[in-house]
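Just so you know, the sequences run in chain order A and B. When we follow the numbering used here, the leftmost residue of the first sequence carries the number 3, and every step to the right adds one. When we follow the numbering used here, the leftmost residue of the second sequence carries the number 3, and every step to the right adds one. Here is the structure we will look at.
There are 2 protein chains.
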Amino acid sequence: MTEPDPPLTATDRLRHEIVTGRLGPGERLVEMQLTELLGAGRGAVRSALVELEKEGLVTREANRGATVRRVSLAEAIQITEARSALEALVAAHAAERADASDRRRLQAVLKEMSRAVRSGDHARYSELNSSLHSELRRISDHTVANELVANLRHRAAGHEYRLALMPGRPEESLTQHRAIVEAIVAGDPEAAAGAMRAHLTSVIDVLRHWARVEQPAV
Amino acid sequence: MTEPDPPLTATDRLRHEIVTGRLGPGERLVEMQLTELLGAGRGAVRSALVELEKEGLVTREANRGATVRRVSLAEAIQITEARSALEALVAAHAAERADASDRRRLQAVLKEMSRAVRSGDHARYSELNSSLHSELRRISDHTVANELVANLRHRAAGHEYRLALMPGRPEESLTQHRAIVEAIVAGDPEAAAGAMRAHLTSVIDVLRHWARVEQPAV
DNA sequence: ATCGACAATACTGTTCACAATCACGAGGCG
DNA sequence: CGCCTCGTGATTGTGAACAGTATTGTCGAT
Chain A
3 MTEPDPPLTA TDRLRHEIVT GRLGPGERLV EMQLTELLGA GRGAVRSALV ELEKEGLVTR
63 EANRGATVRR VSLAEAIQIT EARSALEALV AAHAAERADA SDRRRLQAVL KEMSRAVRSG
123 DHARYSELNS SLHSELRRIS DHTVANELVA NLRHRAAGHE YRLALMPGRP EESLTQHRAI
183 VEAIVAGDPE AAAGAMRAHL TSVIDVLRHW ARVEQPAV
Chain B
3 MTEPDPPLTA TDRLRHEIVT GRLGPGERLV EMQLTELLGA GRGAVRSALV ELEKEGLVTR
63 EANRGATVRR VSLAEAIQIT EARSALEALV AAHAAERADA SDRRRLQAVL KEMSRAVRSG
123 DHARYSELNS SLHSELRRIS DHTVANELVA NLRHRAAGHE YRLALMPGRP EESLTQHRAI
183 VEAIVAGDPE AAAGAMRAHL TSVIDVLRHW ARVEQPAV
């Protein structure tokens, strides 16, 4: 009810297919086929491809068509670095602006996350993680940074879905989130930015670890 | 000869018209008129409008057409904050990767900037400023962050062109750039990031100053 | 004179057909 | 046997016409 009108566009649908992995990296995106898949005219499909190219989810070569973008681990690291810089900014702003009710809500989400970790409920934890970020987005009220962050999260989605499966990772992630929330509740922008950076730095470390373990190239 | 093929697209031309101010904020962008201005078909024009909307230079309302985006001072500040976070990252990476020849080039550019300030040559200084950023972009080798920065610079172009005209501003800017270059030459990522942040923080301060001086709204 | 219905206008959004381009493979030629 | 040339098919890129929608101007009633 709070949302007045979410008329999912063709672009939204196509993006969803990509970030959820139903259209895998390297897959060809033929305009005519997408018209059926998305139930839209070729014009709308073309427009969607142009948009998603700007978002970094799709590559297009002249006269050769579009494919789902293949993002290397090196690029995933860059994406997360950029996210780190921007989310630190968001956290700092949130720390400056959070009022009493905001703080209560953040602590409530955190407590639920803690519960989800104890019971090993990954799906629930991931969902709460989204809630937390959503709260930060709202509180920070930093449209520009938040828009860029949303884009970057989509881009790296293919690499980050594995994070939750790492043994011991949820516990580590939880303590980091706790540090972030505490800094914001304390109204300390510097600490909030630092805690957020620390969180994403640890994500980057995991990615780097994989870079060493897995085959370097395809 | 060094550039193999720069076939300026319709999008590039339209973006140029906007960032240079030849198409002012709020101006209506009628597709049919743009076909003549850009020498392209309506399809290409539509595509360009979609792209520039994603870049934040244009707003489009359903069935009501597109206009040049009006970016408020508050938004310009947000844009510069995001730039600050990302350019700090770029500077840090540059500090880590710069080799001997990179350092020489940076110092050469800096020396020329100093000369341009002494002779009061604003145009030359602005040009060298671009050169410096271009060097950082190359040295840092951080595709993701640099792409976002380029976008943000375009967005705030309408507000930043006035900066150079402020009395005493070039001198202040020069010492800040010197600090950045010195940190990179010293190979100190933390210092480089800090110096870059300080530079853009001072830009933000100027914007905030204007926010108080000028009429809040149009 | 003010307001509402209603027609005229000016666009955008969509569809269709066709031209342009590229990948692939067959066939000729050294 | 390798390489170049030339069809052929698939797919993108483009132009023109048409439909849909918001805005503006007009006219009559009150």
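A virtual CB, placed ideally from N, CA and C, is assigned to each residue, including glycine. These numbers were taken from a predicted model, which means no experiment stands behind them.
> At a Cβ cut of 9 Å, what residues of the stretch 135 to 150 of chain A count as close to chain B, listed as they run along the chain?
Replying inline: 144, 145, 146, 147, 149, 150
> Can you tell which of 53(B), 184(B), 75(B) has its C-alpha closest to the C-alpha of residue 2(B)?
Replying inline: Look at the range of chain B in this structure, 3 to 220, and you will see that residue 2(B) is not part of it.
>> In chain order, what are the residue ranges of uninterrupted alpha helix (DSSP H) at least 4 long that sit wholly in the stretch 145 to 216 of chain B?
In response: 145 to 162, 171 to 187, 191 to 215
> Between residue 75(A) and chain B, is there a C-beta pair that is closer than 8 Å?
Replying inline: no
> chain B partners of residue 84(A), CB-CB under 7 Å?
Replying inline: 88, 91, 146, 147, 150
> Distance, Cα to Cα, residue 18(B) vs residue 131(A)?
Replying inline: 41 Å
> Along chain B, in chain order, which residues have C-beta atoms closer than 7 Å to that of residue 53(A)?
Replying inline: 52, 56
>> Quick test of the definition: if touching needs 3 or more C-beta pairs under 8 Å, does the stretch 99 to 119 of chain B touch the stretch 175 to 184 of chain B?
In response: yes
>> Using a Cβ-Cβ cutoff of less than 6 Å, which residues in the same chain neighbour residue 13(B) once the five nearest sequence positions on both sides are dropped?
In response: 50, 53
> Considering only residues of the same chain and omitting the five flanking positions on each side of residue 71(B), which have a CB-CB separation below 6 Å?
Replying inline: 59, 60, 61
> Is the stretch 127 to 144 of chain B close to the stretch 31 to 46 of chain B, with three or more CB pairs under 8 Å?
Replying inline: no
> Which stretch, first to last residue, makes up the beta strand (DSSP E) that contains residue 67(A)?
Replying inline: 67 to 70
>> Please report the distance separating the alpha-carbon of residue 88(A) from that of residue 201(A).
In response: 13 Å
>> Am I right that residue 195(A) and residue 84(B) are in contact with their C-beta atoms under 8 Å? What's the rounded C-beta distance?
In response: That pair is no contact at about 13 Å.
> Residue ranges of each beta strand (DSSP E) run of no fewer than 3 residues wholly in the stretch 73 to 145 of chain A, ordered along the chain?
Replying inline: none
> Distance, Cα to Cα, residue 186(A) vs residue 99(A)?
Replying inline: 9 Å
> Excluding the five sequence neighbours on either side, which residues of its own chain have a C-beta within less than 7 Å of the C-beta of residue 79(A), listed in chain order?
Replying inline: 206, 209, 210
>> Using CA atoms only, rank isn't needed, just tell me which of 81(B), 73(B), 95(B), 193(B) is closest to residue 143(B).
In response: 95(B)
>> Measuring alpha carbon to alpha carbon, tell me which residue in 97(A), 135(A), 124(A), 133(A) is nearest residue 169(A).
In response: 124(A)
>> For a contact defined as C-beta to C-beta under 9 Å, what are the partners of residue 204(A) on chain B?
In response: Here the premise fails: no neighbours, minimum Cβ distance about 17 Å.
>> Measuring only the C-alpha atoms, how far is residue 181(A) from residue 197(A)?
In response: 6 Å
>> Using a Cβ-Cβ distance cut-off of 8 Å, determine whether residue 81(A) contacts chain B.
In response: yes
> Where do the N-terminal and C-terminal ends of the alpha helix (DSSP H) with residue 11(B) fall, by residue?
Replying inline: Note, residue 11(B): premise wrong, no alpha helix (DSSP H); not H, not E.
> Going by other Cβ atoms of all chains shown within 10 Å of its Cβ, with 16 needed for buried, is residue 5(B) buried or exposed?
Replying inline: In this prediction, residue 5(B) scores a pLDDT of 44, lower than 50, which makes its location untrustworthy; the coordinate-derived value is nonetheless stated afterwards. Looking at its Cβ environment, which holds fewer than 16 other Cβ atoms inside 10 Å, residue 5(B) is exposed.
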